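Participant: Let me begin by handing over the structure; questions about it come next.
Protein chains: 2
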Amino acid sequence: MIKLSTKGRYGTRLMVNLARHYKNSNEPTILKNVSEEEGISIRYLEQIIIPLKINRLVKSIRGAGGGYILARKPTEIKICDILHALEGSCSLVECIEDETFCEKIKTCGTYEIWKGATELLRNYFEKLTLQDALEICEKKISAAKKRPKIK
Amino acid sequence: MIKLSTKGRYGTRLMVNLARHYKNSNEPTILKNVSEEEGISIRYLEQIIIPLKINRLVKSIRGAGGGYILARKPTEIKICDILHALEGSCSLVECIEDETFCEKIKTCGTYEIWKGATELLRNYFEKLTLQDALEICEKKISAAKKRPKIK
DNA sequence: AATATATCAACATAAATTTATAGGAATTAT
DNA sequence: ATAATTCCTATAAATTTATGTTGATATATT
Numbered sequence: 045m046i047k048l049s050t051k052g053r054y055g056t057r058l059m060v061n062l063a064r065h066y067k068n069s070n071e072p073t074i075l076k077n078v079s080e081e082e083g084i085s086i087r088y089l090e091q092i093i094i095p096l097k098i099n100r101l102v103k104s105i106r107g108a109g110g111g112y113i114l115a116r117k118p119t120e121i122k123i124c125d126i127l128h129a130l131e132g133s134c135s136l137v138e139c140i141e142d143e144t145f146c147e148k149i150k151t152c153g154t155y156e157i158w159k160g161a162t163e164l165l166r167n168y169f170e171k172l173t174l175q176d177a178l179e180i181c182e183k184k185i186s187a188a189k190k191r192p193k194i195k
Numbered sequence: 045m046i047k048l049s050t051k052g053r054y055g056t057r058l059m060v061n062l063a064r065h066y067k068n069s070n071e072p073t074i075l076k077n078v079s080e081e082e083g084i085s086i087r088y089l090e091q092i093i094i095p096l097k098i099n100r101l102v103k104s105i106r107g108a109g110g111g112y113i114l115a116r117k118p119t120e121i122k123i124c125d126i127l128h129a130l131e132g133s134c135s136l137v138e139c140i141e142d143e144t145f146c147e148k149i150k151t152c153g154t155y156e157i158w159k160g161a162t163e164l165l166r167n168y169f170e171k172l173t174l175q176d177a178l179e180i181c182e183k184k185i186s187a188a189k190k191r192p193k194i195k
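Okay, here's the thing in structure tokens:
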């Protein structure tokens with residue numbers, strides 16, 4: 045019903061992946077590796093990373109030894125920035141961004157409901173950064189190592 | 045990026061429309077009228093109302109003089125019920141409903157982020173009822189009447 | 001200088017899902 | 001009987017999701 049698109053999901057995972065490498069070294073990360081680690085095809089990643097580059101969330105380095113790196117520190121990249129870059133909006137329904145989208149706004153009983161939900165989400169994603177995602181991620185990985193899967 | 049589907053949007057508007065008639069009389073409302081008032085095709089409304097009927101949010105009366113009526117009072121129908129009926133879930137990503145959907149959950153840094161957002165939304169839609177939508181709607185309509193559009 | 005590695009770009013296409021329309025069968029009040 | 005209405009199934013159109021192809025461009029390594 046309310047679904048985050050694959051672009052949003054994959055794009056965020058791509059950014060978290062870059063953030064992990066960013067922390068370990070400043071070497072650029074190649075999409076081939078991201079593809080293998082995240083299980084997303086390179087072709088699709090190529091399409092998804094374009095808006096992230098346009099919005100200056102990542103930098104590309106061409107040629108052999110090239111790849112992608114974060115344009116800023118993980119603490120300075122909000123999840124909201126990523127979602128916004130990947131589709132230009134974070135609103136649940138078109139009419140919130142574009143009031144001409146639906147002529148019934150003036151008497152619609154649902155408009156305010158979707159607007160409230162959109163603001164909740166926007167506020168939530170404004171407060172979260174890549175750093176938060178990174179910390180969640182590393183916590184889970186180290187927990188998985190300490191408690192190795194039996195059987 | 046994060047979009048409410050037309051089923052969710054139209055279905056909720058359909059329910060608000062029924063709620064308005066519910067208040068005024070107990071006569072069943074026909075989809076033809078809803079279609080004209082909401083600007084949504086009858087054929088599409090017919091499809092959308094099926095899950096609402098299955099989930100006992102509306103009752104249908106067949107034949108001439110038939111139509112649809114709310115199964116319960118507007119105060120007793122949560123927006124969450126409607127959204128849930130229309131797709132079986134209110135979660136932003138599949139993996140929250142179905143943990144087998146993605147094998148990377150154990151180490152994914154984004155899972156908790158989407159889960160948090162989903163819970164925010166769910167909590168929000170749990171607290172809102174059709175009655176709330178109805179009140180917003182009537183407030184707007186009476187405001188529009190008092191202050192008629194000049195020009 | 002040649003080679004290998006990557007991004008970059010512009011397409012094309014295919015599969016899946018969502019959105020929307022269409023035709024007619026079944027049911028019921030009048 | 002007739003008209004009104006839901007109910008059921010099919011299909012069309014649009015969009016999203018994903019892969020494939022070809023080749024240009026940039027750069028590190030040999």
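Chains as they are written, first to last, in the numbering used here: chain A, 45 to 195; chain B, 45 to 195.
Cβ coordinates follow ideal geometry from the N, Cα and C atoms, glycine included.
In this text the structure is predicted, and so the values were computed from the model without any measurement.
1) State the start and end residues of the unbroken beta strand (DSSP E) segment that holds A/Leu114.
2) Restricting to Cα atoms, I'd like to know which of A/Ala63, A/Asp176, A/Asn70, A/Thr162 is closest to A/Gly109.
3) Can you check whether the C-beta of B/Arg191 is within less than 8 Å of a C-beta belonging to chain A?
4) List the residues that DSSP assigns as beta-bridge partners of B/Leu48.
5) Considering only C-alpha positions, which residue in the set A/Ile185, A/Gly160, A/Lys150, A/Cys139 is nearest to B/Pro192?
6) How many whole angstroms separate the CB atoms of A/Val137 and B/Leu58, which I take to be in contact at a CB cut-off of 8 Å?
7) Which of helix, strand or coil does DSSP assign to B/Val60?
8) Contact criterion: CB-CB distance below 8 Å. Does A/Val137 meet it with respect to chain B?
9) Given that a residue counts as buried once 16 or more other Cβ atoms are within 10 Å of its Cβ, and exposed if not, what is A/Ile84?
10) For the stretch 75-90 of chain A and the stretch 179-189 of chain B, state whether three or more C-beta atom pairs, one from each stretch, are separated by less than 8 Å.
11) Please report the distance separating the alpha-carbon of B/Asn77 from that of A/Gly153.
12) Taking its Cβ as the centre, do 16 or more other Cβ atoms sit within 10 Å of A/Asn167, making it buried, or is it exposed?
13) Can you check which of these residues, B/Thr56, B/Ile46, B/Ala129, is closest to A/Ile157 by C-alpha distance?
14) If we require 4 or more residues per run, which alpha helix (DSSP H) segments fall completely within the stretch 121-154 of chain B?
15) Would you mind reading off the limits of the alpha helix (DSSP H) that contains A/Ile180?
16) Given this structure, state the Cα-to-Cα distance separating A/Tyr66 from A/Leu114, to the nearest angstrom.
17) I'd like to know whether the C-beta of B/Cys181 is nearer than 8 Å to at least one C-beta of chain A.
18) For the stretch 110-143 of chain A, list every residue whose C-beta sits within 7 Å of some C-beta in chain B, in sequence order.
19) Among B/Arg116, B/Tyr54, B/Thr73, B/Val60, which one has its Cα closest to the Cα of B/Arg100?
20) Any residues in the stretch 80-102 of chain A with a beta carbon nearer than 8 Å to a beta carbon of chain B? Which ones, in chain order?
21) Determine whether the Cβ of A/Gly107 lies closer than 8 Å to any Cβ atom of chain B.
22) First and last residue of the beta strand (DSSP E) that includes B/Ile105?
23) Use the C-beta contact count for B/Arg106: other C-beta atoms within 10 angstroms, 16 or more gives buried, fewer gives exposed.
24) Between which two residues does the alpha helix (DSSP H) containing A/Asn70 stretch?
25) Kindly indicate the opening and closing residues of the alpha helix (DSSP H) around A/Ile93.
26) Step through the CB atoms of chain B and report whether any lies within less than 8 Å of the CB of A/Ser186.
27) Touching or not, the stretch 118-131 of chain B and the stretch 119-126 of chain A, by the rule of three or more beta carbon pairs under 8 Å?
28) Under 8 Å between C-beta atoms, does A/Val60 make it to chain B?
29) Give the interface partners of A/Thr56 over in chain B, defined as CB-CB distance under 7 Å, in chain order.
30) List, in order along the chain, the chain A residues whose C-beta lies closer than 7 Å to that of B/Ser49?
Facilitator: In this structure, then:
1) In the first sequence, the residue the question calls residue 114 of chain A occupies position 70. A/Leu114 -> beta strand (DSSP E) spans 111-114.
2) To locate residue 109 of chain A, count along the first sequence from 1; it is residue 65. Closest option to A/Gly109, Cα to Cα, is A/Asn70.
3) To locate residue 191 of chain B, count along the second sequence from 1; it is residue 147. By this cut-off, B/Arg191 is not an interface position.
4) Counted from its first residue, the second sequence places residue 48 of chain B at position 4. DSSP output for B/Leu48 lists A/Ile46 as bridge partner(s).
5) Within the second sequence, residue 192 of chain B is the residue found at index 148, counting from 1. The shortest C-alpha separation from B/Pro192 is found at A/Lys150.
6) Reading the first sequence from its first residue, position 93 is the one you call residue 137 of chain A. Reading the second sequence from its first residue, position 14 is the one you call residue 58 of chain B. Not a contact, Cβ separation roughly 15 Å.
7) Within the second sequence, the letter at position 16 stands for residue 60 of chain B. Helix, per DSSP.
8) The sequence position of residue 137 of chain A within the first sequence is 93, counting from 1. With 8 Å as the cut-off, A/Val137 counts as an interface residue toward chain B.
9) Locating residue 84 of chain A in the first sequence gives position 40, counting from the first residue. Label assigned to A/Ile84: buried.
10) The stretch 75-90 of chain A makes no contact with the stretch 179-189 of chain B, as fewer than three CB pairs between them are under 8 Å.
11) Indexing the second sequence from 1 puts residue 77 of chain B at position 33. Indexing the first sequence from 1 puts residue 153 of chain A at position 109. Approximately 17 Å, taken between the alpha carbons.
12) Translated into positions along the first sequence, residue 167 of chain A becomes position 123. A/Asn167 comes out exposed.
13) Within the first sequence, the letter at position 113 stands for residue 157 of chain A. Of the listed residues, the one whose Cα sits closest to A/Ile157 is B/Thr56.
14) 123-131, 138-141
15) As a first step, residue 180 of chain A must be located in the first sequence, where it is residue number 136. DSSP places A/Ile180 in the uninterrupted alpha helix (DSSP H) bounded by 174-190.
16) Looking up residue 66 of chain A in the first sequence gives position 22. Looking up residue 114 of chain A in the first sequence gives position 70. If you draw a straight line from the Cα of A/Tyr66 to the Cα of A/Leu114, it is about 7 Å long.
17) One-based indexing of the second sequence puts residue 181 of chain B at position 137. With 8 Å as the cut-off, B/Cys181 counts as an interface residue toward chain A.
18) For the stretch 110-143 of chain A, the residues whose beta carbon sits under 7 Å from a beta carbon of chain B are, in order, Ile123, Leu127, Leu130, Glu131, Ser133, Cys134, Leu136, Val137.
19) As a first step, residue 100 of chain B must be located in the second sequence, where it is residue number 56. Ranking B/Arg116, B/Tyr54, B/Thr73, B/Val60 by Cα distance to B/Arg100 puts B/Arg116 first.
20) Listed by position, the residues of the stretch 80-102 of chain A near chain B (Cβ gap below 8 Å) are Glu82, Gly83.
21) As a working note, residue 107 of chain A is residue 63 in the first sequence. False, the Cβ-Cβ gap to chain B never drops below 8 Å.
22) As a working mapping, residue 105 of chain B is identified with position 61 in the second sequence. Note, B/Ile105: beta strand (DSSP E), 102-105.
23) As a working mapping, residue 106 of chain B is identified with position 62 in the second sequence. Under this definition B/Arg106 is an exposed residue.
24) Counting from one through the first sequence, the residue named residue 70 of chain A turns up at place 26. A/Asn70 -> no alpha helix (DSSP H), and no H or E assigned at all.
25) Sequence index remark: in the first sequence, residue 93 of chain A carries index 49 (1-based). It spans 86-98 - the alpha helix (DSSP H) in which A/Ile93 sits, taken as one unbroken run.
26) Within the first sequence, residue 186 of chain A is the residue found at index 142, counting from 1. No, because no Cβ of chain B sits closer than 8 Å to the Cβ of A/Ser186.
27) no
28) In the first sequence, residue 60 of chain A corresponds to position 16, counting from 1. Closer than 8 Å to some Cβ of chain B, the Cβ of A/Val60 qualifies, so yes.
29) The count along the first sequence starts at 1 and reaches residue 56 of chain A at position 12. Near A/Thr56 (Cβ distances below 7 Å), the residues of chain B are Thr154.
30) If you number the second sequence from 1, residue 49 of chain B lands on position 5. Result: Met45.
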